[in-house]
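So the structure is just underneath, and the comments pick up after that.
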Amino acid sequence: MANDNRENDRVTREQYRQKRIREEDFQARDQRNRQQPVGSRYRRDEPLEEPSYRNPDDFKDERWHRTNSKLNHTILVLLVLIVIVYLILFFVN
């Protein structure tokens, strides 16, 4: 069995040449691709720019303020209702 594995691993001269040609072609293509710009802003070898972070207050427009106000009122109403339910349950028993 070990002999069969060695026979399968052996490569003929022609196969070795073809493999070497493929590797050389790959290296040449890879080198060409690295020289071409990717997109229009940067090449592969250049480090990516750090993202510019937005100001956290940019999203606070009028719509956001209305939604925030409605949410605060809703939370307050729910808390008051929970307290009322607890009081009713406490005094009914």
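Taking our numbering, I'd label the letters of the sequence shown as residues -3 to 89. C-beta atoms are modelled at their ideal positions from N, C-alpha and C, and glycine is treated no differently.
Residue range of the alpha helix (DSSP H) that includes residue i
i, result
"residue 90", "As shown, the chain starts at -3 and ends at 89. That puts residue 90 outside it, with no answer to give."
"residue 6", "Careful: residue 6 lies outside any alpha helix (DSSP H) and carries neither H nor E."
Own chain residues within Cβ distance below 6 angstroms of residue i, not counting five before or after
i, result
"residue 69", "none"
Close Cβ partners of residue i (< 7 angstroms) along its chain, the five nearest in sequence each way excluded
i, result
"residue 88", "none"
"residue 86", "none"
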